[in-house]
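If you want the numbering used here, it's the 1-based position in the sequence shown plus 46.
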Amino acid sequence: MSHIERPRRVVRSGEAETPGQVRRTGPARRLTTGPAGPVARPGTASGGQAARELYERRSDGLRGAVARLDAGLDESARGQLADWAREEYAGSHGAVPLGFVARCYLGPPYVDHILNLFHVIVQHFSPGEAMPEPFAKARMLARSDGYAYIEIYDNGLILPVLADGTVVRP
47 MSHIERPRRV VRSGEAETPG QVRRTGPARR LTTGPAGPVA RPGTASGGQA
97 ARELYERRSD GLRGAVARLD AGLDESARGQ LADWAREEYA GSHGAVPLGF
147 VARCYLGPPY VDHILNLFHV IVQHFSPGEA MPEPFAKARM LARSDGYAYI
197 EIYDNGLILP VLADGTVVRP
């Protein structure tokens with residue numbers, strides 16, 4: 047019996063075009079199937095460069111920027127801060143989160159909130175309100191005092207960030 051090689055599908059490389067995608071920096075990454083079809087999974091790059099960047103410690107400036115997005119800034123200042131944080135994520139960590147879930151310190155009735163870096167939306171939630179997906183998956187983590195915030199990526203990756211900037215790997 048002779049061995050017949052099957053044709054292989056070629057996946058083209060290029061820069062990420064949508065927020066939250068991991069920038070391609072090395073050999074091909076393994077793909078998994080998500081709700082919208084195949085998605086790249088950070089941490090599965092053969093070269094590991096994108097994964098290393100994504101899991102590096104978050105700087106004091108970046109953690110402070112994320113915290114200040116909910117600090118009652120005017121819309122213009124919040125937009126500038128979000129632009130800076132988006133550039134920092136893209137340049138230093140190779141991916142920009144779709145948004146963040148964090149504990150809310152406004153007090154009752156709010157317990158947590160969603161932040162994002164694109165339209166600078168800050169939405170507060172009381173315990174009985176349903177949080178939209180994919181953010182709902184991080185809600186219980188955000189209610190813990192253990193994390194400064196939780197990063198949510200559009201491919202379903204959830205990365206909790208500790209107060210010292212350490213990223214908790216899944």
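C-beta atoms are modelled at their ideal positions from N, C-alpha and C, and glycine is treated no differently. No experiment lies behind these values; they were computed from the predicted model shown.
Residues that DSSP places opposite residue i in a beta bridge
i	result
Q169	I160
F146	L161, E197
V213	V207
Under 8 Å between C-beta atoms of residue i and residue j
i	j	result
I196	L203	no
H165	D116	no
V213	A194	no
G140	L108	no
G211	R103	yes
R189	V168	no
R132	L152	no
W130	A113	no
I198	P180	yes
Range covered by the alpha helix (DSSP H) that runs through residue i
i	result
E134	121-134
R109	106-114
M186	185-188
Segment limits, beta strand (DSSP E) that includes residue i
i	result
L205	204-207
Kindly confirm or deny that the region 145-153 and the region 176-193 touch, where touching means at least three C-beta pairs closer than 8 Å.
yes
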